[in-house]
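Participant:
There are 2 protein chains.
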Amino acid sequence: MDKIKHKILVLSGKGGVGKSTVSSQLALYLSHIGYKVGLLDVDLCGPSIPKMMGLESKDVHKSTKGWVPVYTDESQKLGVISIQFLLGDKDTPVIWRGPKKNSMIKQFIDDVNWGEIDFLIIDTPPGTSDEHISVTEELLKHNPDGAILVTTPQAVSISDVKKEISFCNAMKLPIIGIIENMSGYVCPHCSECTNIFSSEGGKLLAEQCNIKFLGKLPIDPNLSICSERGINYFTEYPNSSTLASLKSFVDNFNFKSSTTTTATN
Amino acid sequence: MDKIKHKILVLSGKGGVGKSTVSSQLALYLSHIGYKVGLLDVDLCGPSIPKMMGLESKDVHKSTKGWVPVYTDESQKLGVISIQFLLGDKDTPVIWRGPKKNSMIKQFIDDVNWGEIDFLIIDTPPGTSDEHISVTEELLKHNPDGAILVTTPQAVSISDVKKEISFCNAMKLPIIGIIENMSGYVCPHCSECTNIFSSEGGKLLAEQCNIKFLGKLPIDPNLSICSERGINYFTEYPNSSTLASLKSFVDNFNFKSSTTTTATN
């Protein structure tokens, strides 16, 4: 874990705000621009990272140095760990109470051989319970960059992000910034962008709480289709506004000062 | 609890599929057509029912017979219990590990004085962990009707519902049926209904798993606006397709045979 330069936790109070989409797109983008990246899915009861990355049927292997991440391709620039890789039958639910989840998360933090990588992006389940307490406690031993909070413009989701901010403060986990997901929907019929839920919520919340607003990620049906089919969205749509948004998020980050020298461009 | 005729658990593998929207709309609709209804929110870390019902600032009171639900109006046809009513500061996160959540849920099941009501709708958080195990174990002592599974047409969500089906089977909780939420979005600019995620997923899943398909609930921006503002959607939009959908869900239910005689129409 200490060989990893940047450790980022992706949080949101509510489910369904696109936390896993943000985590996986961020990981894909960072590896796309040349970094070595790990993506850890600590959503034990509803993991969606493997499906989104097109790795659903993969299994994880154990070496003498620990679990070996599942890599997206031969370049081994992006490795993924999820409980789904450990399940025989992928439709089996993980009906676990807290203590069992906590020991699994401790193993994910301590026993995965990520190698020397630039970024570890950690995707979490919704809420502020066992998974979040455990992963944050473990992570705080290893000097993490902090948390990215994901929200939608809808007020119910925003009140949950306020709780997530209080959670970070209570746990003494730094907050990197807020990403507003699903900000507007471009109708493929009339190309008019409608704010299907509301608008500007994430930005207002960021200002109100004195937290950096990292930017907006619009709903793009192509992103959802690529996610479902496990296709690399950047290769398919090199000029997309999503790619531009991700570039702007990364430009907006205040990374901790350790240099990230392995990027090739 | 034994004075309640029908007990229904609303489940989904993923968050953000509109589980709380379905729960609250169902409760509102059942009380709208004359039943006495209780709505119990067991999402302890991200409760959204109070906000959706316009009851955000309310507090719960304790009588000699137990906790008194917060009623939506003077008719006392719809009572609500949520952890949010117990919190002093509504933005405080509930940073609880499993055991504390379990004892809270046991109190919600045993210590609330619902009175003689027709329906208890129980809204759950995403996943298959402590809250779900505890609430199901407690509920099974009181002969519940079973679970309604909520999904969106998106494949990632559907694979999570499969897990929820396995969860119900493992816990021996009957499944009432599947509701597909956010099925299509009517663009206010061109009125063309686009399946923003995918389509027909819930229906196919229901057929595949031999479970009743209760119907679809389209995205209606007015529903979201009413939810956020705590306005009664049925009074505002008496001819909406959402109201028609809810009527059709209820017509499609196979309720356990105990008669529900308090309905006035």
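Residue numbers (UniProt numbering), protein chains in the order written: chain A, 1 to 265; chain B, 1 to 265.
Beta carbons are placed, not taken as given, at the ideal position from N, Cα and C, and that holds for glycine.
Owing to the predicted nature of the structure, the values given are computational and were not obtained by experimental measurement.
1. Below 8 Å, can you find three or more Cβ-Cβ pairs linking the region 98 to 116 of chain A to the region 117 to 125 of chain B?
2. Determine the chain A residues that contact D160 of chain B at a beta-carbon separation under 7 Å, and present them in chain order.
3. Between the alpha carbons of E138 of chain B and I109 of chain B, how many angstroms are there, rounded?
4. Check the DSSP bridge columns for K7 of chain B and list the partner residues they point to.
5. Would D220 of chain A count as contacting chain B if we go by Cβ distances under 8 Å?
6. Between A:I4, A:L140, A:G201, which lies nearest to K172 of chain A when the distance is taken from Cα to Cα?
7. Could you list the residues in the region 60 to 92 of chain B with a C-beta less than 8 Å from some C-beta on chain A, going in chain order?
8. DSSP on E102 of chain A, reduced to helix/strand/coil?
9. Buried or exposed for Y185 of chain A, please, with buried defined as at least 16 other CB atoms from any protein chain shown within 10 angstroms of its CB.
10. So the candidates are B:K36, B:V161, B:N222, B:V135; which of them puts its Cα closest to the Cα of E74 of chain B?
11. For M53 of chain B, collect the residues of the same chain with a Cβ closer than 7 Å to its Cβ; drop the 5 residues on either side in sequence, then sort them by chain order.
12. Among A:P221, A:I179, A:F85, whose alpha-carbon lies nearest the alpha-carbon of V150 of chain A?
13. If you draw a straight line from the alpha carbon of I92 of chain A to that of E207 of chain A, how long is it in whole angstroms?
14. Of all the beta strand (DSSP E) runs that stay within the bounds of the region 27 to 52 of chain B, which reach a length of 3 or more residues?
15. Mapping the DSSP letters down to three states, classify K14 of chain A as helix, strand or coil.
16. Would a check of beta-carbon distances place F167 of chain A closer than 8 Å to chain B?
17. Report back the beta-carbon spacing between I4 of chain B and P47 of chain B to the nearest angstrom; my notes put them in contact at under 8 Å.
18. Can you tell me whether S248 of chain B is buried or exposed? The criterion is at least 16 other CB atoms within 10 Å of its CB, across all chains shown.
19. With distance defined between alpha-carbon atoms, name the residue in B:G202, B:F253, B:I175, B:L40 nearest to S20 of chain B.
20. Can you give me, in chain order, the residues of the region 120 to 137 of chain B that have a beta carbon less than 7 Å from any beta carbon in chain A?
21. How close, in whole Å, do the beta carbons of V10 of chain B and T124 of chain B come, if the pair is a contact with beta carbons under 8 Å?
22. Answer with yes or no whether the minimum CB distance from I95 of chain A to chain B is below 8 Å.
23. One question on the structure: do T235 of chain A and L217 of chain A come within less than 8 Å of each other, judged by their Cβ atoms?
24. How big is the Cα-Cα spacing for G34 of chain B and I122 of chain B?
25. Going along chain A in order, which residues have a C-beta closer than 8 Å to the C-beta of E164 of chain B?
26. Name, going along the chain, the residues of the region 1 to 24 of chain B whose beta-carbon falls closer than 7 Å to a beta-carbon of chain A.
27. On the CB-based measure, 16 or more other CB atoms within 10 Å of its CB, does F197 of chain A come out buried or exposed?
28. Could you tell me whether the Cβ of G202 of chain B comes closer than 8 Å to any Cβ of chain A?
29. Considering only the alpha carbon of each residue, which of A:H32, A:I95, A:I148, A:E164 lies closest to S134 of chain B?
30. Taking the continuous beta strand (DSSP E) assigned at V135 of chain B, which residues delimit it?
31. How would you write the range of the alpha helix (DSSP H) that F249 of chain B sits in, first residue to last?
32. State the start and end residues of the unbroken alpha helix (DSSP H) segment that holds L204 of chain A.
33. Can you tell which of B:K163, B:D251, B:S245 has its C-alpha closest to the C-alpha of C45 of chain A?
34. On the DSSP letters alone, give me the boundaries of the beta strand (DSSP E) that F213 of chain B sits inside.
35. Quick check: is the beta carbon of S248 of chain B nearer than 8 Å to any beta carbon in chain A?
36. Which residues of chain B have a Cβ atom closer than 9 Å to the Cβ of G146 of chain A, listed in chain order?
Facilitator: The short version:
1. no
2. G46
3. 7 Å
4. B:L120
5. no
6. A:L140
7. K90, D91, T92
8. One detail in the question is off: residue 102 of chain A reads as Asn in this sequence, not Glu. Of the three classes helix, strand and coil, the one that applies to N102 of chain A here is helix, per DSSP.
9. Only weak support is given to the placement of Y185 of chain A: the predicted model assigns it a pLDDT of 49, under 50, and the value that follows is read from those uncertain coordinates. Its Cβ being crowded by 16 or more others within 10 Å, Y185 of chain A is buried.
10. B:K36
11. S24, T72, V80, G230
12. A:I179
13. Looking at the sequence provided, one finds Thr at residue 92 of chain A rather than Ile. Distance between the alpha carbons of T92 of chain A and E207 of chain A is about 42 Å.
14. 37 to 41
15. coil
16. yes
17. That pair is no contact at about 21 Å.
18. exposed
19. B:L40
20. P125, P126, G127, T128, S129, D130, I133
21. 6 Å
22. yes
23. no
24. 19 Å
25. P93
26. G13, K14, G15, G16, V17
27. Here F197 of chain A scores only 47 on pLDDT, less than 50, and its place in the model should not be relied on; the value that follows carries that caveat. Answer is buried; the Cβ neighbour count reaches 16.
28. no
29. A:I95
30. Segment 130 to 140 is the alpha helix (DSSP H) holding V135 of chain B; no beta strand (DSSP E) there.
31. 241 to 252
32. 201 to 209
33. B:K163
34. 213 to 219
35. no
36. Chain B residues near G146 of chain A: none, gap ~17 Å exceeds 9 Å.
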